[in-house]
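Below is one structure; the comments refer to it alone.
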Amino acid sequence: MRELDYDVVIIGSGAGGGAVAKELAPLAAAGKRIAVLEWGPKLADDAFTGREVEMARQLYFDSGGVLTKDRTLTMAYGRAYGGSTVVYTGTSLTIPEDVVKRWDVPGIEYNDLQRRSAKYIEENNVHKLEESELNDNNRLFLEGCIKLGYRAQQFPINVKGCRSSSLCNLGCPNGAKQGTHRVQLPAAEAAGVEVITNCRVTRVGERSCDAVVADPGFGLPSSWESGEVRVNAKVIVVCGGAINSAALLLRSGYGDRLPTLGRYLTLHPALILVGEHPHEISNFHGHPKSFYCDEFWESEKFLLETCMYFPFITSKNLIGFGAEHSKLMRAFGRLQMILVLAVDPALESNRVLVDRDGEPVIDYTMGPSVLDSLHRSMVASAKIFFAAGAHRVHAPAGASFFIERKDADRVEELIPRSNVIPGKISVASAHIMGGCGMGREASDSVTDSWGRVHGSPGLYVGDSGLFPRASEINPYVTVMALADRVAEHIRDNAGELLAP
Ligand SMILES: Cc1cc2nc3c(=O)[nH]c(=O)nc-3n(C[C@H](O)[C@H](O)[C@H](O)COP(=O)(O)OP(=O)(O)OC[C@H]3O[C@@H](n4cnc5c(N)ncnc54)[C@H](O)[C@@H]3O)c2cc1C
Ligand code: SF4
225 MRELDYDVVI IGSGAGGGAV AKELAPLAAA GKRIAVLEWG PKLADDAFTG
275 REVEMARQLY FDSGGVLTKD RTLTMAYGRA YGGSTVVYTG TSLTIPEDVV
325 KRWDVPGIEY NDLQRRSAKY IEENNVHKLE ESELNDNNRL FLEGCIKLGY
375 RAQQFPINVK GCRSSSLCNL GCPNGAKQGT HRVQLPAAEA AGVEVITNCR
425 VTRVGERSCD AVVADPGFGL PSSWESGEVR VNAKVIVVCG GAINSAALLL
475 RSGYGDRLPT LGRYLTLHPA LILVGEHPHE ISNFHGHPKS FYCDEFWESE
525 KFLLETCMYF PFITSKNLIG FGAEHSKLMR AFGRLQMILV LAVDPALESN
575 RVLVDRDGEP VIDYTMGPSV LDSLHRSMVA SAKIFFAAGA HRVHAPAGAS
625 FFIERKDADR VEELIPRSNV IPGKISVASA HIMGGCGMGR EASDSVTDSW
675 GRVHGSPGLY VGDSGLFPRA SEINPYVTVM ALADRVAEHI RDNAGELLAP
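Using the numbering used here, you'd call the opening residue of the sequence shown number 225 and step up by one each time.
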């Protein structure tokens, strides 16, 4: 096996890894050797075709359909130069103060996270779209919420030169979305940080990690030749995303002394509903996600967001088969769409495990409170569709495939709670959090508030795995704020940590 020496190795280049890389750039500029090892490929700008099946295969783990152990939920997370930030929608929210209080991590203060979030909001060009840039899907959502008296807010998003192609979750073909692949990684590389793509880390030790470089058959070639490599480093920052960071540390044997490793996984279980309008609506262009409704966030633990997915994802997420399903898909150009997100509690039993081969297994059960939230969110969404003028609604737990407009005042009855059964409704997650949670000590957490793994000097976690509970809002800005803390700690202690 080849052996290489670095000062710092960062595993993963997504929201967390990208932020750590850029924040450590001054060390690279001062001569320290820093490498980002990224499992996924880097695609050339013209390889972002917007073609659904091709992009899903190249940019996501399992094409965005990783299944939980009991197969009741699918998870989408990215594998690429830039991680999930290549495929995220770019809605950019700061974690609310109440959530930080609920996290109850000594050393984590709202004001500190707020200040760091503001830095990334600035760095990633976050702003609200002009009214003229909003499409019908978003306008209708707002209209429905206003008619019902529900509180709706506009999402700030992180685009520069957005050309309204609505393909954000397939990787922006116009280079407009300001993920770490556009902002933090190029800045880090300019300062001397090396980013090695197609490089999967298979084991992490205290001061070294093993990796395999392999060409996936698409994307730009890796800067390292194919084969196995051992990388020695004084500091290792694990930023593989919540599932893969926990799995990597478990596979490497850290579970023996860190009993919470992999546990307290939260997913914001989500599903989509559609309302069919009598006329075409302009959803094939425009940024897909401009508004959200947080009316029920505190009382019923769910958020409603606008969304517009592509035909394959949409058809997979609608319930039913045959003629009715086909009829609804044929109405695609007339569909209004809402994504609902349930806020799930952090349970010890919801966790990442590894199988005999060291591959992640996600043991996650949607408890009664989550099913209640999903039920109430479907009822609220159906009301919004009808208030916005839809003539029929498809709700995954509906008593019938369609709820017709004449029954609009019976939605409570026509979406029975008894139909909200895991496995019978299509639930997905793109907000994967926890598994390497921050806390006080090894008995209750994996790291401290600076992302330092308890009992392993020089080993850090710097990604969404750090969340001790759900963020309760779209999480990426908070991931970057926490990664910023990790990098600051390494910078401030570089003399000691990186001493020869
Ligand atoms: C479709 C979609 C839409 C989303 N939309 C939004 C949104 O609008 N707003 C928002 O706030 N959040 C959104 N999110 C969530 C957000 O993208 C994530 O919370 C965030 O990117 C997580 O950051 P991370 O660093 O933990 O992991 P990621 O960004 O997922 O990065 C992890 C990286 O590590 C790499 N990796 C994993 N294991 C290894 C290994 N063993 N060796 C080497 N590399 C490894 C992976 O390939 C990946 O590139 C969305 C996510 C998805 C999938
Ligand atoms: S809507 Fe804007 S950010 Fe999204 S894919 Fe199109 S150009 Fe890119």
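Think of the CB as a built atom: it goes at the ideal place given N, C-alpha and C, for glycine as much as any other residue.
Small disclaimer: the values here were computed from a predicted structure and weren't measured.
Judged by beta-carbon spacing, THR426 lies beyond the 9 angstroms limit of SER446, meaning their Cβ atoms are not closer than that value. Residue state for ALA376 is assigned as strand, using DSSP reduced to three classes. Looking at the DSSP output, ASN456 sits in a beta bridge with ASP229 and SER432.
Distances taken from the Cβ of LEU563 to the heavy atoms of ligand 2 include none shorter than 8 angstroms. Per DSSP, the continuous alpha helix (DSSP H) segment holding ASP336 begins and ends at 334-347. The alpha carbon of TRP263 has as its nearest neighbour, out of ARG295, VAL419, GLN378 and GLY274, the alpha carbon of VAL419. The beta carbon of LEU291 is closer than 7 angstroms to those of THR298 in its chain, skipping five residues each way along the sequence.
The way I'd put it, the segment 634-645 doesn't touch the segment 278-290; fewer than three beta-carbon pairs between them come closer than 8 angstroms. With fewer than 16 other Cβ atoms from the protein chains shown falling within 10 Å of its own Cβ, ARG634 counts as exposed. With contacts defined by Cβ atoms closer than 9 angstroms, ILE714 and VAL232 form a contacting pair. Between THR530 and ASN362 the beta-carbon gap is near 5 angstroms, inside 8 angstroms, which marks them as a contact.
For the 9 angstroms CB-CB criterion, GLN402 and GLY314 form a contact.
Under the three-state reduction of DSSP, CYS531 is assigned to coil, being neither helix nor strand. The closest heavy atom of ligand 2 lies less than 8 angstroms from the beta carbon of LEU391. The alpha-carbon of HIS655 is positioned some 7 angstroms away from that of PRO699.
Taking a C-beta distance under 9 angstroms as the contact criterion, LEU721 and LYS458 qualify as a contact pair. Not one heavy atom of ligand 1 falls within 8 angstroms of the beta-carbon of ASN541. Among the bridge pairs identified by DSSP, THR298 is matched with LEU291 and ALA652.
By the neighbour-count criterion, in which a residue is buried when 16 or more other Cβ atoms sit within 10 angstroms of its Cβ, MET225 is exposed.
Looking from the CA of GLY622, the closest CA among LEU261, ALA412 and LYS648 belongs to LYS648.
For PRO584, the uninterrupted beta strand (DSSP E) segment begins and ends at 584-587. Contact between the segment 303-311 and the segment 368-378 is not established, with fewer than three Cβ pairs separated by less than 8 angstroms. ASP229 places its beta carbon 9 angstroms or farther from that of ARG275.
In the DSSP assignment, GLY686 falls outside any beta strand (DSSP E) and carries neither an H nor an E.
Here LEU563 has ALA494, ILE496, GLU529 and CYS531 as same chain residues with Cβ atoms under 7 angstroms from its own Cβ, once five neighbours each way along the sequence are excluded.
If you look at GLN402, you'll find it isn't in any alpha helix (DSSP H); DSSP assigns it neither H nor E.
Around the C-beta of ASN335, fewer than 16 other C-beta atoms lie within 10 Å, and the residue is accordingly described as exposed. If you draw a straight line from the Cα of ALA243 to the Cα of ASP269, it is about 21 angstroms long.
Listed in chain order, the alpha helix (DSSP H) runs fully inside the segment 539-581 are 546-554, counting runs of at least 4 residues. Closer than 8 angstroms to some heavy atom of ligand 1: that does not describe the Cβ of GLY289.
Inside the segment 692-724, DSSP marks whole alpha helix (DSSP H) runs of 4 or more residues at positions 700-716 and 718-721, from first to last along the chain. With a minimum length of 4 residues, the unbroken runs of alpha helix (DSSP H) contained wholly in the segment 440-484 fall at 466-475.
In its chain, beyond the 5 residues on either side, LEU261, CYS423, ARG424, VAL425, THR426, VAL453 and VAL455 have a beta carbon closer than 7 angstroms to the beta carbon of ALA435. Judged by beta-carbon spacing, GLY686 lies within the 9 angstroms limit of VAL710, meaning their Cβ atoms are closer than that value.
Ranked by Cα distance from SER514, the first of LEU364, GLY675, ASP708 and SER605 is LEU364. Three or more Cβ pairs drawn from the segment 474-484 and the segment 662-681 lie within less than 8 angstroms of each other, which places the two stretches in contact.
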